[in-house]
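Position in the sequence shown (from 1) plus 1 gives the number in our numbering.
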Amino acid sequence: MAKLAVFASGTGSNFAAIADFLSRPEAQRHTIVCLVTDRLDAKVVSKAASRNIPVVAVRYISRAAAEDLIIQELEKYQPDLIALAGFMRILSTDFVDRYSTRILNIHPSLLPRHAGLNAIQQSYAAGDQELGITIHYVDHGLDSGPVLLQRCFARTSDDTEAKVERRIHKLEHEYYPQVIHKLLDDIDAERNSLDAKQFTRED
Numbered sequence: 002m003a004k005l006a007v008f009a010s011g012t013g014s015n016f017a018a019i020a021d022f023l024s025r026p027e028a029q030r031h032t033i034v035c036l037v038t039d040r041l042d043a044k045v046v047s048k049a050a051s052r053n054i055p056v057v058a059v060r061y062i063s064r065a066a067a068e069d070l071i072i073q074e075l076e077k078y079q080p081d082l083i084a085l086a087g088f089m090r091i092l093s094t095d096f097v098d099r100y101s102t103r104i105l106n107i108h109p110s111l112l113p114r115h116a117g118l119n120a121i122q123q124s125y126a127a128g129d130q131e132l133g134i135t136i137h138y139v140d141h142g143l144d145s146g147p148v149l150l151q152r153c154f155a156r157t158s159d160d161t162e163a164k165v166e167r168r169i170h171k172l173e174h175e176y177y178p179q180v181i182h183k184l185l186d187d188i189d190a191e192r193n194s195l196d197a198k199q200f201t202r203e204d
């Protein structure tokens, strides 16, 4: 079994998609060990509570203090992977280094175009003919980490910004859980392989 922590600040639609995917019979060997949020009033909190997933709520008086508290809590849960799902805080380089190659993010544009905030609005306003999502590892830059997956669709003449946003979210909810599940499977397989080697005797 591999363990996942999800960081989110908003409505929690991606969190719910991930949680529901991991509740499927074929994925139940993995678990979400906690939700980390910087907003106790965020709708994602009730989504976690309804699924009996522990919530770690952290006040950002300062980033250093908040991240120290998050690290303390993560030490209790020992997640193998961290998925950012609408977490509206930039993580420090020290935090990223501590969980190097273990933090994922999903961004609603085809990076490197439109990094940062309001990516859907930026893509739409720029007249991009292809719009989509990027799932990537988190590094020290802004939405600049190694790309794991991109999916896109062609813009149509009747696409409003609201319609584009719905199509983007549909891609997010379909592919982010799949990528997370695959990585959790890989982590579990690697751990089992190491465990098996420990019991392999060479004559």
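From the three backbone atoms N, C-alpha and C, an ideal C-beta is built for every residue, glycine too. Predicted model, so just to flag it, every value in this text is computed and none were measured.
{"query": "Sub-8 Å separation of Ile19 and Val37 beta-carbons", "result": "no"}
{"query": "Close beta carbons around Ser10, own chain, < 8 Å, minus the five adjacent residues each side", "result": "Thr38, Asp39, Arg40, Ala43, Val45, Gly87, Phe88, Met89, Arg90"}
{"query": "Own chain partners of Glu74 with C-beta closer than 6 Å, once the 5 adjacent residues on each side are dropped", "result": "Val57"}
{"query": "Straight-line Cα distance separating Val180 from Phe137", "result": "The sequence as given places His at residue 137; Phe does not occur at that position. Distance between the alpha carbons of His137 and Val180: 10 Å."}
{"query": "Strand pairing of Leu131, partner residues [DSSP]", "result": "For clarity, residue 131 is Glu in the given sequence; the question names Leu instead. DSSP output for Glu131 lists Ala155 as bridge partner(s)."}
{"query": "Endpoints, beta strand (DSSP E) assigned at Thr38", "result": "32 to 38"}
{"query": "First and last residue of the uninterrupted alpha helix (DSSP H) at Leu70", "result": "64 to 78"}
{"query": "Status (buried if at least 16 other CB within 10 Å, exposed otherwise) for Glu191", "result": "exposed"}
{"query": "Beta-carbon proximity of Phe96 to Leu132, cut-off 8 Å", "result": "no"}
{"query": "Assigned secondary structure, Leu118 (DSSP; H/G/I helix, E/B strand, else coil)", "result": "coil"}
{"query": "Inter-stretch contact at 8 Å, needing at least 3 Cβ pairs: the region 51 to 65 / the region 98 to 111", "result": "no"}
{"query": "CA-to-CA distance, Leu82 to Tyr177, given in whole angstroms", "result": "13 Å"}
{"query": "Proximity of Glu173 and Ile121 at Cβ, strictly below 8 Å", "result": "no"}
{"query": "Ile54 (DSSP reduced to helix, strand or coil)", "result": "coil"}
{"query": "Test item: CB-CB of Pro80 and Val139 under 8 Å", "result": "no"}
{"query": "C-beta atoms of Leu70 and His31 nearer than 8 Å", "result": "no"}
{"query": "Start-to-end residues for the beta strand (DSSP E) that takes in Phe8", "result": "4 to 8"}
{"query": "Val45 - DSSP class collapsed to helix/strand/coil", "result": "helix"}
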